[in-house]
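What follows is a short report on a single structure.
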Amino acid sequence: MSEDASIHQTKNEIIIVRRRHDGEHEAHGGAWKIAYADFMTAMMAFFLVMWLINAANEETKAAVASYFNPIKLTDDNPSEKGLKEQGNSQSGEQSAPKSAIPGESGSSGEAANKGEQESTTVGEKTQYSEADYFKDPYAVLAEIVQETGTNTNVSEAGDGGAANSGPATGATGGEAYRDPFDPDFWSKQVEADKEAIAESEIALREQIAAEAQAKAEQERAAQEQAALAASEEGKDGDAAVPSPDALQAAGALKKEIEDALQGISAGRLSDALTVVPAEGGLLVSLTDQLNSEMFRVGSAVPEKSLVLALEKIGEILSKRKGEIDIRGYTDARPFSNGTDDNWRLSMERAHSAYFMLVRGGVPEDRIVELSGFADRKLKDADNPFSEVNRRIEILLQVDGG
């Protein structure tokens, strides 16, 4: 029995045989390829975005910003108090208007269209108090230059391109919260009549030609009067007649400034520019024009056009030798707000011009005099309230006199 049991136990024994395979295993570690592909995709998207930003103009950027922020989830102006004061409300030191001068119309903060505001946060025109301006003038000047004007987020269809791109449709924000998914809210197709555009272009060209002719006649008459007055003064021995070299130098400087102002949005300041020989040097004069002011109403805070113009003038004067005097003038309209008057206003505007010239590259030590004459030296004495009496004069003493 014992032998039979031993044989039976031997038959039921389980034998496990392990064999080693020396063949090649499957490749592992391919996850890095996925990560590398994701990295390359991100880099491609990054450079694509950089190219689009470089190809887009300010109008396109404003439209894109308005599309992604339709209900103004972020706002550069969370409070009306401080450096930026929006709209009609003015708070803080020296925020009240200093004068009510006809022809120096201030900008209104009310919406131009019903339910629509004139610009988005990118292009809003902000109001600056004089206290903050003179506290950090160069920062405020930089912010003024960055203002893109009104309706910056609307452009005509088909004006896109690498060099001069623009959206086919625009986006206009509003005071009320609207549905951001409503195409009528963020998309606004600008319709233009080609015939109307052609007629307006013809009328504009005729107007420009007429203005240029009138300007040339006025300049010719002014030069004749100046030459006649100079000759009479020369006969009396009170003053010397400007030499041909001085007249030529004044004309060359004026042409150089006019050429520099053509490439910027300096408004109509080039029309109000005069350069004449005076006091042994060259006198550069910029005057106010109707509906085109250099400074904000009763304030020394400049408009964007003046900042850009004096920046270019500063670049030109920085390349010339001679000391510089800056003078401010107002018209004869009396004004006082309790702390300021025409004397202080003219002086503050001369000081403001000093900051703008230094910003343009003129060394501070070359500016030797700042003066304000209020309404004591009117350019148009027959019309003491004329806008031409509000001016900034820059005297370049070419001979050190």
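Using full-length UniProt numbering, read the sequence shown as starting at 1 and increasing by one per residue.
Think of the CB as a built atom: it goes at the ideal place given N, C-alpha and C, for glycine as much as any other residue.
- Taking 3 residues as the shortest admissible run, the segment 243 to 294 contains the following complete beta strand (DSSP E) segments, listed from N- to C-terminal end: 273 to 278 and 281 to 287.
- By the Cβ-count criterion, G30 is exposed, with fewer than 16 other Cβ atoms from all chains shown falling within 10 Å of its own Cβ.
- Between T287 and R390, the beta carbon gap of about 7 Å places them in contact (Cβ cut-off 8 Å).
- Taking C-beta atoms under 8 Å as the contact rule, E315 and Q397 fail to qualify, at a distance of about 19 Å.
- A Cβ-Cβ contact shorter than 8 Å links Y128 with V140.
- Secondary-structure assignment with DSSP links P302 through a beta bridge to F295.
- With respect to the 8 Å criterion, R327 and E393 are classified as neighbours on the basis of their beta carbons.
- I264 is a Cβ neighbour of L308, given a cutoff of 8 Å.
- If you draw a straight line from the Cα of V241 to the Cα of Q248, it is about 14 Å long.
- Across the set D325, T330, F68 and P384, the C-alpha of D325 shows the shortest separation from the C-alpha of V362.
- The three-state secondary structure of G328, taken from DSSP, is strand.
- Relative to the Cα of V297, the nearest Cα in the group E130, I34 and M40 belongs to E130.
- Residue state for R349 is assigned as helix, using DSSP reduced to three classes.
- No Cβ-Cβ contact shorter than 8 Å links L395 with L261.
- Of N291, M347 and Y329, the smallest CA-CA separation from P384 is found for Y329.
- Shown here, S318 sits in a helix according to DSSP, grouped into three states.
- Excluding sequence positions up to five before and after V17, its CB lies less than 8 Å from no other CB in the same chain.
- In the structure shown, S66 adopts helical secondary structure according to DSSP, grouped into three states.
- Annotated three-state conformation of R205 is helix, per DSSP.
- With respect to the 8 Å criterion, M356 and P302 are classified as neighbours on the basis of their beta carbons.
- DSSP lists no bridge partner for S129.
- The C-alpha of A332 is placed about 36 Å away from the C-alpha of K319.
- Here DSSP, grouped into helix, strand and coil, assigns R391 to strand.
- The residues F355, in chain order, have a CB closer than 7 Å to that of P137 in the same chain once the five nearest residues on each side in sequence are set aside.
- Taking all protein chains shown into account, M347 has 16 or more neighbouring C-beta atoms within 10 Å of its C-beta and is therefore buried.
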